[in-house]
Amino acid sequence: MLTTEELIANYAKNGFGLHMKESVCADMLRIAAKNYYNATPLLSDAAFDELKDFIAENWPSAAVLSEIGAPPARNRVKLPHFMGSMDKIKSDVGLSKWATIYAEPYVISAKLDGVSGMIDFGRHRMYTRGDGNIGQDVTPLLSLVNIGNPTNTTGLCVRGEFIMKPETFERKYQPLGASNPRNLVSGIVNSKIADPSKCADVDFICYEVLSPAGLSQSEQLKLLASHGFNVVYNNGVFKKSQLTADFLTNLILVWKQCMVEYEIDGVIITCDASAFPHKSSGNPEHSVAFKTASGGQEAEVTVTDVIWTPSQDGYLKPRVRIEPTSIGGVVVEYATGFNGAFIRDSGIGPGAVVRLIRSGDVIPYIVETITPVPPKMPAADMGEYAWTSSDIDIVLVNPEDSAIVREKNIAGFFTSLGVDGLSAGNVKRLMNAGFDTIKKILDMTHGDFLKVDGFKDKMAAKLSTNIREKFASATIQQILIGSNLIGRGFGEKKIAKIFQDYPNVLEERNVAKLAAIPGFSQKTAAEFIENVPRFMAFLGEIGWEGGMAGLVAQMPVVVGGMAGDKPLAGKSIALTGFRDKELEATIVASGGNVTGTVSKNTFALIVKSKEDCGSTKYQSAIKYGVPVYTQQEFKQLPQLGL
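Residue numbering for the sequence shown follows the UniProt record's numbering, starting at 1 and increasing by one per position.
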């Protein structure tokens, strides 16, 4: 008969047997846990979690589940506060069920892959978690590890994670044979004699305030930051609609690649609707962990291509093509590429070897580049592009020059109006026939549709009637969403909230008033208001009035002065080849509108350089005789007085 250690080794190599008993699995988990928590693991993190989850699913009342967490071998001490673990959720069903009980908003923070600890400043003591009740007193480490620069710590008791930056581990310890950062940190923390040089490479990252009590999660994190602690990475509050396996999996990958400088193995989701009392036993119900599952759904694959496609907003999004590979019984040929920074920093291009994970219905994603190559970035024929200020995404400088972007925006507009039959494929046919703007399609007659390849009489009649009726009955919200001119992130619910709480927003354009609506920041409100003139000009271009005839006719409305007193009153100006929020603001302040297209009524086109004459806007300006200026030339126009 195999020993428990041999069973663990067999499980680590081959997975579960068909008829494993509860007692056998429990013994395996006990021994695996003892080694796991004392820096001599017999299983990988993923295999350990899989074993624990297998027991929980098959024998939810198993005693071993409440025993997990190994009491320390020495310096045992009763912890001043119980230190529980986290229940894990893996699926959309589990997330939805939990979110039904615990209402939004939620704080999502990184789940650090380190060693759990506590600092009690009232007792001037530092502890490791142990089994949650009995921990290890490691107070000598308090002056040796990096806890930040905390001030005013009287009465504070905080929880956090002992952890080491991967960069430090790879540079100093991996060449010496250390297996991974977590095991190394566990060994340093549990060492009989503290090594000051090694301890200096260990950070203590805080994520919970145990004393004082009565704080919500966001309040705890703010308090920790204000007192100068190292604080776990978190990024604002999230809504219930964002609690999906797909969203959270993507979030983890983005954080791993671009945001968090430590090893993370998931995220912690905490209800922030109120403060919850600290538990004296068991795991908290108001806070759960979400981890990306592997469970045999991994594979090393070779990349054959990176395909870049512009979004409706002109953001270039990568899709990674791989050699067809069976993962979990499903043949996978593509993986998400997330964003430009991920491709660039991960060295992903044809020939790269990457480790891929497929989890449930989530799109397969890359977790590691095993053999990097020069990354394949967007080709020059996609048009000029630039990096966003965050250095994460790539965006086209002239998105209106991209046929794909125009196609997506046209399709999006008519979808917003509820017009059936104008899918991307049909929109492409219309564009090929010369009907390549929203205005041109709105003006199409039954006869015009018959001129388009593939359109028969029945379809032509249906579309011409449907477009006319839907446009006539469209609401301002539908037009606003469909225009895609107001900025990113303004979906149906957000727009509905704006018009519910601030129905006169298009007339008044008060940033402070818009920012006062729950869920809107000053930055979001300012972006919306900045884009209102473009939207109002669009309404004029397409001939939609819908109860706003007076407002559209008297555009632009300028807060702080009469439009007629302004040097650019009533004039439309377009920009191409660059983005300049300051210049746009100057145009609006001078009474003008910044438009996305050039027509015979356009006052001027501002270009980055007159040598760049290939853009659609430039060609339209030449066609309609619209004056073309560089930025400097435009600013020197005498009527502007700049």
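Heads up, the beta-carbon is just placed ideally off N, CA and C, and yes, glycines get one too.
Can you tell which of the options has the C-alpha that lies nearest to the C-alpha of residue i?
i	options	result
residue 113	186, 83, 379	186
residue 171	537, 143, 88, 201	201
residue 108	229, 255, 497	255
residue 226	475, 26, 152, 602	152
residue 456	370, 629, 421, 416	421
residue 660	396, 358, 411, 378	The structure shown has nothing for residue 660, since the chain only spans 1 to 642.
residue 616	630, 577, 590	577
residue 24	55, 116, 50, 42	55
residue 602	77, 626, 585	626
residue 305	266, 276, 373	373
residue 22	58, 43, 4, 5	58
residue 350	303, 311, 389, 339	303
residue 80	371, 441, 156, 529	156
residue 566	582, 587, 78, 543	587
residue 425	416, 410, 438	410
residue 352	371, 345, 467, 52	371
Would you decide whether residue i is buried or exposed? Buried here means 16 or more other CB atoms lie within 10 Å of its CB.
i	result
residue 613	exposed
residue 175	exposed
residue 154	exposed
residue 512	exposed
residue 364	buried
residue 454	exposed
residue 403	exposed
residue 553	Bear in mind that a pLDDT of 38 at residue 553, under 50, signals an unreliable position, so the model cannot answer this.
residue 277	exposed
residue 236	exposed
residue 590	buried
residue 562	Low per-residue confidence applies at residue 562: pLDDT is 38, beneath 50, and the placement is therefore not dependable, though the value from the model is reported in the following sentence. Under this definition residue 562 is an exposed residue.
residue 376	buried
Just reading off the alpha helix (DSSP H) that residue i is part of, what are its end residues?
i	result
residue 417	403-417
residue 710	Outside the modelled stretch of the chain, which goes from 1 to 642, sits residue 710, for which no answer is possible.
residue 119	Run containing residue 119: none in the alpha helix (DSSP H); it sits in the beta strand (DSSP E), 115-120.
residue 98	92-101
residue 220	217-226
residue 344	340-346
residue 632	631-635
residue 424	424-432
From what residue to what residue does the beta strand (DSSP E) around residue i run?
i	result
residue 271	264-271
residue 42	Counting along the chain, residue 42 falls outside any beta strand (DSSP E), and DSSP gives it neither H nor E.
residue 324	315-327
residue 238	234-238
residue 363	It is not in any beta strand (DSSP E) - residue 363 carries neither H nor E in the DSSP assignment.
residue 203	203-211
residue 136	134-137
residue 572	572-576
residue 531	Where residue 531 is concerned, there is no enclosing beta strand (DSSP E), although the alpha helix (DSSP H) it sits in stretches over 522-542.
residue 310	298-310
residue 335	330-336
residue 605	602-607
residue 111	106-112
Quick one: residues in its chain with C-beta nearer than 7 Å to the C-beta of residue i, no 5 flanking neighbours on either side, listed in chain order?
i	result
residue 549	A caution first: residue 549 carries a pLDDT of 41, below 50, which makes its placement in the model unreliable, though a value can still be read off. Around residue 549: no qualifying Cβ.
residue 634	604, 606
residue 391	341
residue 76	134, 136
residue 386	395, 397
residue 125	137, 139
residue 184	164, 169, 173, 178
residue 82	132, 133, 279, 280, 281
residue 18	For residue 18, the predicted structure reports a pLDDT of 40, less than 50, and the residue's modelled location is therefore unreliable. The matter cannot be settled from this model.
residue 533	556, 588, 593, 594
So, at 6 Å on beta carbons, what are the nonlocal neighbours of residue i in its own chain, with the 5 sequence-adjacent residues on each side left out?
i	result
residue 699	An answer regarding residue 699 cannot be provided, because it is not within the stretch 1 to 642 covered by the chain.
residue 537	572, 593, 595
residue 7	28
residue 314	395, 396, 399, 405
residue 232	109, 110, 205, 207
In chain order, what residues of the same chain have a beta carbon less than 8 Å from the beta carbon of residue i, not counting five sequence neighbours either side?
i	result
residue 145	162, 199, 200, 202, 203, 204
residue 356	298, 299, 300, 301, 322, 325, 327, 332, 335, 364, 365, 366, 367
residue 551	Because the pLDDT at residue 551 is just 44, under 50, the model does not fix this residue reliably, and the point stays unresolved.
Strictly under 8 Å for the Cβ-Cβ distance: is residue i near chain D by that measure?
i	result
residue 337	Any reference to chain D falls outside this structure, which holds one protein chain only.
For the pair the stretch 237-254 and the stretch 104-111, tell me if three or more CB-CB distances fall below 8 Å. yes
Are the stretch 126-144 and the stretch 86-96 touching, with three or more C-beta to C-beta distances below 8 Å? no
Contact between the stretch 332-351 and the stretch 313-320 (3+ Cβ pairs under 8 Å): yes
Inspect the CB distances between the stretch 276-283 and the stretch 79-95 and report whether three or more fall short of 8 Å. yes
Inter-stretch contact at 8 Å, needing at least 3 Cβ pairs: the stretch 497-505 / the stretch 515-523: yes
Inter-stretch contact (C-beta, 8 Å, three-pair minimum) for the stretch 267-279 and the stretch 212-228: yes
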